[in-house]
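If you read the sequences in order, they're chains C and S. Quick note on numbering: the first sequence equals residues 15 to 179 in our numbering. Quick note on numbering: the second sequence equals residues 22 to 517 in our numbering.
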Amino acid sequence: MDPHPRRPGEIVFTLFLLAASLGLLWSAYGIAGFEALSSPGAVPMATTAIMVIAAIMVLVHTLRRPAGSTQTVARHILPLSVVVTIAMILGYALLLRPLGFIPTSVLFLAVLVRFLSRRSILFCAVVSVGTVTLIWLIFRMVFSVLMPAGIFPEARIVAFITQLF
Amino acid sequence: MDILSNLLMPLTHLDLLFLIGAGTFAGIYVGAIPGLSVTMAVSILISFTFAWDVYPALALMIGIYMGGVYGGSRTAILLNIPGAPSAIATAMDGFPLAQKGRAGEAIGIVTVVSFIGGFIGIAALAALAPVLSDFALRFQPRDFMLLAIMGILLVGSLSGGSLTKGVFAGALGVGIGAVGMDPLTVQDRFVFGIDELRGGISFVAVMIGMFGVSEALMQLHNVHTPAVRQKISGIIPSWAKVRKHLPLGLQSATIGTVVGALPGTGGDIASLMAYDQAKRVTRNPETPFGEGAVEGLVAPEAANNAAVGGAFIPMMTLGIPGDAVTAIMIGALFIHGLNPGPMLMIEQPNMFWFIVGSLMLANCFMLIFGLTGIRLFVKVVELPRTVLLPVILVLSIVGAYAINNSLTDVYWMLGFGVLGYFMRLYGYPLAPVILGVILSRLLDDNWRRAIISTREDFGAMMMGIFTSPLSLTLLAAVVMILVTNSPWWARWRGRR
Chain C
15 MDPHPRRPGE IVFTLFLLAA SLGLLWSAYG IAGFEALSSP GAVPMATTAI MVIAAIMVLV
75 HTLRRPAGST QTVARHILPL SVVVTIAMIL GYALLLRPLG FIPTSVLFLA VLVRFLSRRS
135 ILFCAVVSVG TVTLIWLIFR MVFSVLMPAG IFPEARIVAF ITQLF
Chain S
22 MDILSNLLMP LTHLDLLFLI GAGTFAGIYV GAIPGLSVTM AVSILISFTF AWDVYPALAL
82 MIGIYMGGVY GGSRTAILLN IPGAPSAIAT AMDGFPLAQK GRAGEAIGIV TVVSFIGGFI
142 GIAALAALAP VLSDFALRFQ PRDFMLLAIM GILLVGSLSG GSLTKGVFAG ALGVGIGAVG
202 MDPLTVQDRF VFGIDELRGG ISFVAVMIGM FGVSEALMQL HNVHTPAVRQ KISGIIPSWA
262 KVRKHLPLGL QSATIGTVVG ALPGTGGDIA SLMAYDQAKR VTRNPETPFG EGAVEGLVAP
322 EAANNAAVGG AFIPMMTLGI PGDAVTAIMI GALFIHGLNP GPMLMIEQPN MFWFIVGSLM
382 LANCFMLIFG LTGIRLFVKV VELPRTVLLP VILVLSIVGA YAINNSLTDV YWMLGFGVLG
442 YFMRLYGYPL APVILGVILS RLLDDNWRRA IISTREDFGA MMMGIFTSPL SLTLLAAVVM
502 ILVTNSPWWA RWRGRR
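Structure (structure tokens):
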């Protein structure tokens with residue numbers, strides 16, 4: 015018997031992996047069925063079948079282990095800080111195109127640093143503006159990575175900086 | 022005389038010397054920033070150096086490459102976020118050492134063994150290029166297929182915990198690597214009618230998500246724990262310490278060179294194989310593997326830097342990339358009107374010796390910058406996590422976006438970040454997922470080539486494996502890895 019107790023949500027996650035593996039196996043079967051060993055679906059079918067078998071083995075093993083009593087989902091699996099951070103990354107991705115890289119990043123950093131550190135608004139503003147300026151200089155000016163400009167007049171600023179040299 | 026003058030060319034031309042130095046310095050930091058890969062940096066550099074002469078362009082790229090492979094180890098040690106896939110194994114023992122406040126010592130020994138490994142790889146490139154490329158030419162598709170299976174199965178011992186979870190993770194990685202249009206038949210695989218999936222899922226987005234985002238989410242659990250103050254004394258390791266780890270370093274460098282020289286592999290696989298080998302051969306490490314064993318740092322770092330020299334062998338002699346960066350460099354050589362392959366070595370040996378000289382110089386710069394820049398770098402971990410983690414997340418988002426200038430990659434990064442977070446919570450190793458993605462194409466292509474060559478006769482293919490000493494050796498290695506990582510083997514060993 016495995017001495018490690020089962021963590022909260024472990025069965026749900028294993029069932030999710032099993033369901034996803036079965037779905038992928040069905041999708042892999044749909045590529046070319048059992049048409050030929052060299053078909054484009056051969057390796058995907060083999061790997062997803064391995065995933066299904068492994069997920070079943072993990073599920074059986076997980077069910078056999080005793081449930082732990084010291085941990086909770088809210089505290090040890092999905093604490094508020096993790097949920098908020100995931101939601102903020104999603105929000106960042108959604109706002110990146112309409113607002114642009116600079117405003118979205120400043121907003122993301124300021125809000126997240128404030129939420130995590132509880133430091134003053136001034137501190138959060140300085141950290142976020144300073145960091146985004148540095149990142150923008152490295153990515154935009156050195157590596158020429160084009161991030162979405164959005165509402166920010168980035169092109170005019172770049173033209174102004176270029177004129178200086 | 023010609024060889025010597027070409028070998029010393031990067032040293033005698035100040036502009037080339039400067040570019041190699043600047044490239045190595047930048048490479049160390051690019052490699053160390055989570056979300057910025059050396060592959061990405063070199064690919065972006067191509068557009069910068071498009072109008073340059075071929076020598077300075079190569080000098081800069083070689084510097085970035087050498088520095089970047091080494092730089093990945095820094096965040097692996099300090100933040101448990103490998104800056105590059107070749108530093109995945111380094112994080113396993115490097116981060117536990119940093120948690121004990123021994124980051125300076127860890128980075129010091131890593132720098133020295135990276136230099137030694139790098140030197141051995143370059144020496145092998147110079148001395149053995151034609152011999153090793155001849156050997157790689159003998160590889161049949163079935164051998165590449167076995168090599169890929171071997172690489173994925175190494176997860177068993179790397180995962181440390183459940184072999185089943187490691188195998189699941191490896192298979193998941195192969196599945197992710199198969200997403201998109203099949204390169205041979207252009208048939209959709211795991212596309213589900215979504216157009217964006219036809220081009221496949223970016224490996225860099227998976228890597229940033231799995232290692233960058235999931236690690237940041239994990240660290241949110243104890244975000245208010247004060248950071249361990251790193252001891253930055255004793256950065257330069259004593260000769261006694263270097264001598265103690267030299268045999269393992271040399272052995273790992275040899276693995277790195279050979280694996281790096283195999284087309285399609287590279288530092289990622291080399292470092293994992295060397296780590297696995299180190300676990301097998303090290304009898305009494307001062308600290309167990311996974312808890313801060315110095316041997317667990319020496320092996321992958323000697324191997325991944327040795328693989329740099331190794332990766333140039335198939336590139337220069339066969340025109341086949343040794344890894345992703347050399348694949349980009351082949352593109353750069355094409356842009357500059359050169360045709361890498363057997364004829365390049367014959368028609369333009371000066372180019373070969375210039376590359377060898379540049380690699381040697383970049384290796385020396387790496388040692389100098391690596392040992393002198395630690396104090397500043399170590400300060401990064403002393404920043405409050407409440408500030409550091411959001412910054413890492415922004416860098417990860419920018420890195421994911423910059424791959425294709427596409428928001429889809431950001432969503433993938435987030436998706437794999439959340440998946441990786443839950444996988445970490447429930448004891449699934451993440452390194453096999455990445456290994457699976459890297460090896461997916463190698464496995465798929467060569468399985469199909471092997472089975473087509475026997476006219477779909479599986480028995481004939483197996484017979485081919487059993488009658489070829491090379492294939493049989495690889496198959497034996499696969500079986501050995503499976504057996505030695507099974508619970509039955511552990512029980513049998515326990516009884517003895």
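Glycine is no exception: its CB is placed at the ideal position from the N, C-alpha and C atoms. Everything numeric in this text was worked out from a predicted model, so none of it was measured.
Distance, residue 35 of chain S Cα to residue 437 of chain S Cα:
45 Å
Can you tell me whether residue 144 of chain C is buried or exposed, with buried defined as 16 or more other CB within 10 angstroms of its CB?
exposed
Sequence-distant residues of its chain with Cβ nearer than 8 Å to residue 149 of chain C (five each side left out)
So the qualifying residues of the chain are 119.
Going by beta carbon distance, what residues of the same chain come within less than 7 Å of residue 51 of chain S, once the five residues before and after it are set aside?
57, 59, 62, 85, 89, 92
Would you list the one or two residues that DSSP bridges to residue 209 of chain S?
S:202
Just to confirm the assignment, what range does the alpha helix (DSSP H) spanning residue 78 of chain C have?
56 to 78 is the extent of the alpha helix (DSSP H) around residue 78 of chain C.
If I follow the unbroken alpha helix (DSSP H) through residue 11 of chain S, where does it start and stop?
The requested residue 11 of chain S is not part of the displayed model; chain S covers only 22 to 517.
Classify residue 21 of chain C: buried if its beta carbon has 16 or more other beta carbons within 10 angstroms, exposed otherwise.
buried
Would you say residue 431 of chain S faces chain C, with C-beta separation under 8 Å as the test?
yes
Is it true that the CB of residue 108 of chain S sits closer than 8 Å to the CB of residue 97 of chain S?
Yes.
Can the beta-carbon of residue 80 of chain S be found less than 8 Å from the beta-carbon of residue 117 of chain S?
no
Whose Cβ in chain C lies nearer than 7 Å to the Cβ of residue 477 of chain S?
50, 51, 52
Do the region 444 to 452 of chain S and the region 182 to 194 of chain S make contact, defined as three or more Cβ pairs closer than 8 Å?
yes
Out of curiosity, what's the CA-to-CA distance linking residue 46 of chain S and residue 100 of chain S?
Taking the straight line joining both Cα atoms gives about 20 Å.
Which complete alpha helix (DSSP H) runs does the region 402 to 437 of chain S hold, if anything under 4 residues is left out?
Complete alpha helix (DSSP H) runs here, min 4: 406 to 425.
Contact under 8 Å by Cβ, residue 323 of chain S with residue 138 of chain S:
yes
Taking a Cβ distance cut-off of 7 Å, strictly less, list which residues of the region 447 to 466 of chain S are near chain C, in chain order.
Taking 7 Å as the Cβ-Cβ cut-off against chain C, the residues of the region 447 to 466 of chain S that qualify are 447, 464, 465.
Please classify residue 95 of chain S as buried or exposed, where buried requires at least 16 neighbouring CB atoms within 10 angstroms.
buried
Pick from S:43, S:125, S:167, S:72: whose alpha carbon is nearest that of residue 315 of chain S?
Of the listed residues, the one whose Cα sits closest to residue 315 of chain S is S:125.
Rounded C-alpha distance that separates residue 15 of chain C from residue 242 of chain S
Since pLDDT at residue 15 of chain C reaches only 46, below the 50 mark, its modelled position is unreliable, and no value is offered.
DSSP puts residue 81 of chain C in a beta bridge; with which residues?
According to the DSSP secondary-structure assignment, residue 81 of chain C is paired through a beta bridge with C:20.
Please state whether DSSP places residue 451 of chain S in a helix, a strand or coil.
coil
Where residue 506 of chain S falls, given that 16 or more other Cβ within 10 Å makes a residue buried:
Taking all protein chains shown into account, residue 506 of chain S has 16 or more neighbouring C-beta atoms within 10 Å of its C-beta and is therefore buried.
Helix or strand or just coil, what does DSSP make of residue 28 of chain S?
helix
Cβ-Cβ distance between residue 291 of chain S and residue 277 of chain S below 8 Å
yes
Three-state secondary structure (DSSP) at residue 371 of chain S?
helix
For residue 167 of chain C, name the three-state secondary structure that DSSP assigns.
coil
Is residue 503 of chain S helix, strand or coil when you go by DSSP?
helix
With 8 Å as the limit, tell me which residues of the region 180 to 205 of chain S have their beta carbon closer than that to any beta carbon of chain C; keep them in chain order.
Shown in chain order are the members of the region 180 to 205 of chain S whose Cβ falls below 8 Å from a Cβ of chain C: 183, 185, 186, 188, 189, 192, 193, 195, 196, 199, 203, 205.
Nearest-angstrom Cα distance between residue 163 of chain C and residue 112 of chain C?
9 Å
Quick one: which chain S residues come within Cβ less than 9 Å of residue 93 of chain C?
241, 242
Just to confirm the assignment, what range does the alpha helix (DSSP H) spanning residue 152 of chain C have?
Here residue 152 of chain C belongs to no alpha helix (DSSP H), and DSSP marks it neither H nor E.
Any residues in the region 417 to 431 of chain S with a beta carbon nearer than 7 Å to a beta carbon of chain C? Which ones, in chain order?
418, 419, 422, 423, 426, 428, 431
Selection from S:197, S:512, S:407, S:135 that minimises the alpha carbon distance to residue 461 of chain S:
Closest option to residue 461 of chain S, Cα to Cα, is S:197.
Let me see if you follow: with CB-CB separation under 8 Å, is residue 443 of chain S close to chain C or not?
yes
Inter-residue spacing [alpha-carbon to alpha-carbon] between residue 472 of chain S and residue 51 of chain C:
7 Å
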